[in-house]
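Asker: The UniProt record's numbering applies: residue 1 is where the sequence shown begins, and numbers increase by one.
Ideal Cβ placement from N, Cα and C applies to all residues, glycine included.
Before anything else, here's the structure in question.
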Amino acid sequence: MNDHTHHEHHEASYHTIYTCPMHPEVRQEGPGDCPKCGMHLVPEGSEQAKDGHACCHGHHGHLADAKIGADDKRYDKVPAGYSGTVYTCPMHPQVRQTKPGSCPICGMGLELESATMAEEGPNPELVDFTRRFWIGAVLTLPLLVLTMGPFLGLGGVRDIFGERNTLWIELALGTPVVLWCGWPFLVRGWNSFRTMNLNMFSLIGMGVMAAWAFSIVAVLAPGIFPDGFRDAEGHVGVYFEAAAVIVTLVLLGQVMELRAREGTGKAIRALLDLAAKTARVIREDGSEEEIPLEDVLVGDRVRVRPGDKVPVDGVVTDGRSSVDESMITGEPVPVEKVAGDPVTGATINGTGSLVIEATRVGADTMLSQIVEMVANAQRSRAPIQKYADKVSGWFVPVVIGIAILSFIGWAFWGPAPALSYALIAAVAVLIIACPCALGLATPMSIMTATGRGAQAGVLIKNAEALERFEKIDTLMVDKTGTLTEGKPRLVSVLPEPGHDEAEVLRLAATLERGSEHPLAEAIVAGAEERGVALGEATDFEAVTGKGVKGTVDGKSVALGNLKLVTDLGLEAAELTEKANSYRDQGETVMFVMLDGAVAGLVSVADPVKETTPDALKALHELGFRIIMATGDNERTARAVAARLGIDEIRADVLPEDKARIIQELQAEGRKVAMAGDGVNDAPALAQADVGIAMGTGADVAIESAGITLVKGNLDGIVRARRLARATMRNIRQNLFFALIYNAAGVPVAAGVLFPFFGILISPMFAAFAMSASSISVVTNSLRLRGAKI
Numbered sequence: 001m002n003d004h005t006h007h008e009h010h011e012a013s014y015h016t017i018y019t020c021p022m023h024p025e026v027r028q029e030g031p032g033d034c035p036k037c038g039m040h041l042v043p044e045g046s047e048q049a050k051d052g053h054a055c056c057h058g059h060h061g062h063l064a065d066a067k068i069g070a071d072d073k074r075y076d077k078v079p080a081g082y083s084g085t086v087y088t089c090p091m092h093p094q095v096r097q098t099k100p101g102s103c104p105i106c107g108m109g110l111e112l113e114s115a116t117m118a119e120e121g122p123n124p125e126l127v128d129f130t131r132r133f134w135i136g137a138v139l140t141l142p143l144l145v146l147t148m149g150p151f152l153g154l155g156g157v158r159d160i161f162g163e164r165n166t167l168w169i170e171l172a173l174g175t176p177v178v179l180w181c182g183w184p185f186l187v188r189g190w191n192s193f194r195t196m197n198l199n200m201f202s203l204i205g206m207g208v209m210a211a212w213a214f215s216i217v218a219v220l221a222p223g224i225f226p227d228g229f230r231d232a233e234g235h236v237g238v239y240f241e242a243a244a245v246i247v248t249l250v251l252l253g254q255v256m257e258l259r260a261r262e263g264t265g266k267a268i269r270a271l272l273d274l275a276a277k278t279a280r281v282i283r284e285d286g287s288e289e290e291i292p293l294e295d296v297l298v299g300d301r302v303r304v305r306p307g308d309k310v311p312v313d314g315v316v317t318d319g320r321s322s323v324d325e326s327m328i329t330g331e332p333v334p335v336e337k338v339a340g341d342p343v344t345g346a347t348i349n350g351t352g353s354l355v356i357e358a359t360r361v362g363a364d365t366m367l368s369q370i371v372e373m374v375a376n377a378q379r380s381r382a383p384i385q386k387y388a389d390k391v392s393g394w395f396v397p398v399v400i401g402i403a404i405l406s407f408i409g410w411a412f413w414g415p416a417p418a419l420s421y422a423l424i425a426a427v428a429v430l431i432i433a434c435p436c437a438l439g440l441a442t443p444m445s446i447m448t449a450t451g452r453g454a455q456a457g458v459l460i461k462n463a464e465a466l467e468r469f470e471k472i473d474t475l476m477v478d479k480t481g482t483l484t485e486g487k488p489r490l491v492s493v494l495p496e497p498g499h500d501e502a503e504v505l506r507l508a509a510t511l512e513r514g515s516e517h518p519l520a521e522a523i524v525a526g527a528e529e530r531g532v533a534l535g536e537a538t539d540f541e542a543v544t545g546k547g548v549k550g551t552v553d554g555k556s557v558a559l560g561n562l563k564l565v566t567d568l569g570l571e572a573a574e575l576t577e578k579a580n581s582y583r584d585q586g587e588t589v590m591f592v593m594l595d596g597a598v599a600g601l602v603s604v605a606d607p608v609k610e611t612t613p614d615a616l617k618a619l620h621e622l623g624f625r626i627i628m629a630t631g632d633n634e635r636t637a638r639a640v641a642a643r644l645g646i647d648e649i650r651a652d653v654l655p656e657d658k659a660r661i662i663q664e665l666q667a668e669g670r671k672v673a674m675a676g677d678g679v680n681d682a683p684a685l686a687q688a689d690v691g692i693a694m695g696t697g698a699d700v701a702i703e704s705a706g707i708t709l710v711k712g713n714l715d716g717i718v719r720a721r722r723l724a725r726a727t728m729r730n731i732r733q734n735l736f737f738a739l740i741y742n743a744a745g746v747p748v749a750a751g752v753l754f755p756f757f758g759i760l761i762s763p764m765f766a767a768f769a770m771s772a773s774s775i776s777v778v779t780n781s782l783r784l785r786g787a788k789i
């Protein structure tokens, strides 16, 4: 969308009347939030508005249900039809808006939703927080010297200025740190109470403002405090240094966290950097011109010189070369490319020159789709996150309650000055208990793991698929295109007496020319290689899972398995025995029928992928029971299974049977993954606990799957399993760190150790411990970037 179009759209949206789906009386120009229920307003007259209004007018009792159902929509501030830049929260993907800001739920800074729209340069929030941190550090250091001097042998510092003047200096140094350096935290804390989405900034805001406000009053009006706040010399303590140190340490933690979060995006940026910046387009007059990549159109012819990156997805029209596809597939061996072969953008051309015709450009290229899939997966939420969410939901109110009880306990039973001790304990509890580490525990691991998977050719559609895959115990695989190359070749033609080999092959190939099945392509290719001239087929009909029928040269012809022979009422007992001898060698045998009689057999073999045997061995070691489901005859399936060491076979399976088989396995209590590549595998991929699509397969299969293997080899499943285990182990470690830290830190901050050891931690130490806990979670998550999968 260009600037002019974007401006027109922006203007148009603000001249549209918007209304609340729950409260139709609320009407205004432009988008916004309902002042009554907080829901996002929608254009008046839209289906959303009609549905909501019908609900309100029909039965008011539905209002609460609708409100609950629309809970996530309250945080979606993007107008309908908007196609510009969208910002979202990495922890709460339901939060979406058109401008940068902070998340209304957790307070985190929003990020760009689309990875392909990522801007060059540093994160603006990181730049801002870094500046605030350094200014805060410069002001906090002399403040610490003033207040901590007596404990460090620098007591004379306070004597230089005098006690009263020192307090004013502390106020002058501490106030800018709290009110300017800590302003983002205070705003987020206030918003959390205003919307009742309590989070870490609720506690930080309360703790910092309590310490600062108390200190301000102590300087301006010390006489109003009772004796409980005064020390033996009658002085009221001030806590400017505690408030300033808390803000500075929290800023430090946020800066380190933002830098770490940028680290999780390195995988996406690395993928984006793979793309070529320009393309050499061949014009109609034969001239060549170097143009920006975004100006290339579908249908353009592009020259790729030796050593250059392939700019877009396309098909080779001229030339011959080897192409390094390792950055997309993870496979190091270059692939030979000749006319008619597909090429993928961002791969690297070898020593030959290629001319390609662009078939997919911009956001439609494989690289762009991979980037978007990774970005979407990073924002998705694993089911285990719901436990952290439940804990966080009641955690902040409980901590506030503990802080209040700590204050009361110290005020009544603490040593003099009791009320000062009470304030210190309450602030320390608020600060040390910030649930930032708990909130980061799962998302940071998911963000890092999905990026690591993309680099290894394993694309994770969402976090749920990654979590589920750890628990999978049964793997069902398709044969053709999954275990095998998916490029079968014609092996034998066996005519019946009275029929010629060339005639049988011509009939079969002519009929199969209307089919897109790999076996059909093998028969047609075999006929062409043998110089057999094909005829014309009419009345073509594909019989799902059985074969094909039609008319060739006025004669009724059918080609398929024994089920089709039986359906046509034919007998083929003797031929079945002959077919079985070929099936025992792993070949697929089909019957050719002409005018109601079997005319012969054709045998096709599909070579097993080189990587399949080792991958199956590794999958067994990882605890999988492997089932092969195929439409092939049982003898062929058994021959392949015996050679590969497959645990169980399901042969003569129709496409609809695969989903049924998975349902049966799930009813037995098994956790099932399905690996397939064809259109007919899509229902089974959707039914499985985790669907695994071969990246070389059909688009509908990829859409139905939770995991996509770019190369399409089974060793990608091995990498996916190892990644899933490493990720879930990492998440559990993070949750353990976060929960144990709070379980130990809150009681200590409240002062349970004071009666026994005289230990009461200061709010400054609490702030340091809180930041350290978040950094430990982030650092642990980043270890996944180097995980061996």
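1) Within the stretch 532 to 609, note down every full beta strand (DSSP E) run reaching 3 residues or more, in order along the chain.
2) Measuring CA to CA, which of P142, L186, W183 is closest to I169?
3) Between which residues of its own chain and A54 is the CB-CB distance below 8 Å, once the five residues before and five after are set aside?
4) Using 10 angstroms around the beta-carbon of A629, count the other beta-carbons present and answer buried if the total reaches 16, otherwise exposed.
5) Note down, one range per segment and in chain order, each alpha helix (DSSP H) of at least 4 residues found wholly within the UniProt domain "P-type ATPase A" (274 to 374).
6) Write down every uninterrupted run of the beta strand (DSSP E) in the stretch 665 to 735 whose length is 3 residues or greater and which is fully enclosed by it, in chain order.
7) Tell me whether T474 sits in a helix, a strand or coil according to DSSP, three-state version.
8) Could you give the residue range of the alpha helix (DSSP H) that holds A787?
9) Can the beta-carbon of K563 be found closer than 8 Å to that of D652?
10) At what residues does the alpha helix (DSSP H) containing A522 begin and finish?
11) Is it right to say N165 is buried, meaning 16 or more other beta carbons lie within 10 angstroms of its own, or is it exposed?
12) Specify, as a first and last residue, the run of the alpha helix (DSSP H) that A639 falls within.
13) Ends of the beta strand (DSSP E) at I626?
14) First and last residue of the alpha helix (DSSP H) that includes V78?
15) Between the Cα of A675 and the Cα atoms of D657, A403, M728, I626, which residue gives the shortest distance?
16) Using the three-state DSSP reduction, which class does R96 fall into: helix, strand or coil?
17) Excluding the 5 residues preceding and the 5 following A211 in the sequence, name in chain order all residues of the same chain whose CB lies nearer than 7 Å to its CB.
18) What does DSSP give as the partner residue(s) for G112 in the beta ladder?
19) Below 7 Å CB to CB, which residues in the same chain sit around V361 once its five sequence neighbours on both sides are set aside?
20) Quick one, are the C-beta atoms of A673 and F469 less than 8 Å apart?
21) Three Cβ pairs or more, each shorter than 8 Å: is that satisfied between the stretch 172 to 181 and the stretch 128 to 135?
22) Could you compute how far the alpha carbon of Y741 sits from the alpha carbon of L144?
23) Can you give me the Cβ contacts of S781 inside the same chain, cut-off strictly under 7 Å, excluding the 5 residues immediately before and after it?
24) Can the beta-carbon of A508 be found closer than 8 Å to that of L559?
25) Just verifying my parser: in three-state terms, what is the DSSP assignment at L760?
26) Under DSSP, the alpha helix (DSSP H) around I424 begins and ends at which residues?
27) Can you have a look at E288 and say buried or exposed, based on whether 16 or more other CB atoms are within 10 angstroms of its CB?
28) What residue from P292, T365, R638, G314 has the CA that sits closest to R301's CA?
29) Quick check on the burial criterion: 16 or more other C-beta atoms within 10 angstroms. Buried or exposed for T779?
30) Thinking C-alpha only, which one of V748, V752, V777, F756 is nearest F765?
31) Using the three-state DSSP reduction, which class does R131 fall into: helix, strand or coil?
32) Taking Cβ to Cβ, would you say V491 is nearer than 8 Å to V592?
33) Is it the case that the stretch 566 to 580 contacts the stretch 524 to 541, given that we only count it when at least three CB pairs across the two stretches are under 8 Å?
34) Could you name the residues of the same chain whose beta carbon sits closer than 8 Å to that of L110, not counting the 5 residues immediately before and after it, in chain order?
35) For the beta strand (DSSP E) that I649 lies in, which residues bound it at each end?
36) For I789, which residues from the same chain have a beta carbon less than 6 Å from its beta carbon, with the 5 sequence-adjacent residues on both sides left out?
Answerer: Looking at the coordinates:
1) 537 to 543, 547 to 552, 555 to 560, 588 to 594, 597 to 605
2) P142
3) For A54, the predicted structure reports a pLDDT of 36, less than 50, and the residue's modelled location is therefore unreliable. A value from the coordinates is still provided. Correct list: empty, nothing qualifies.
4) buried
5) 326 to 329
6) 672 to 676, 690 to 694, 707 to 709
7) strand
8) For A787, there is no enclosing alpha helix (DSSP H), since its DSSP letter is neither H nor E.
9) yes
10) 518 to 529
11) exposed
12) 634 to 644
13) For I626, the enclosing beta strand (DSSP E) starts and ends at 625 to 629.
14) Where V78 is concerned, there is no enclosing alpha helix (DSSP H), given that its DSSP letter is neither H nor E.
15) A675 has its Cα closest to that of I626, out of D657, A403, M728, I626.
16) Residue state, collapsed to three classes: strand.
17) Y239, A242, A243, V427, P763
18) A small fix is needed here, since residue 112 is Leu in this sequence, not Gly. Answer is Y87, bridged to L112.
19) Here the set comprises V296, L297, V298, V312.
20) The answer is yes: Cβ separation under 8 Å.
21) Output reads yes: the stretch 128 to 135 touches the stretch 172 to 181.
22) Using only the alpha carbons, I get a separation of about 27 Å.
23) Excluding sequence neighbours, S781 sits near M444, S445, T448, N730, N734.
24) Against a cut-off of 8 Å, the Cβ pair of L559 and A508 comes out as a contact.
25) coil
26) Counting along the chain, the alpha helix (DSSP H) containing I424 begins and ends at 418 to 432.
27) exposed
28) G314
29) With fewer than 16 other Cβ atoms within 10 Å, it is exposed.
30) V748
31) Residue state for R131 is assigned as helix, using DSSP reduced to three classes.
32) Their beta carbons are not under 8 Å apart, which means V491 does not touch V592 by this criterion.
33) no
34) Y87, T88, C89, V95, Q97, P100, G101, S102, C103
35) 648 to 650
36) If we look at I789 and ignore the five residues flanking it on each side, its Cβ neighbours are A456, R719, R722, L723.
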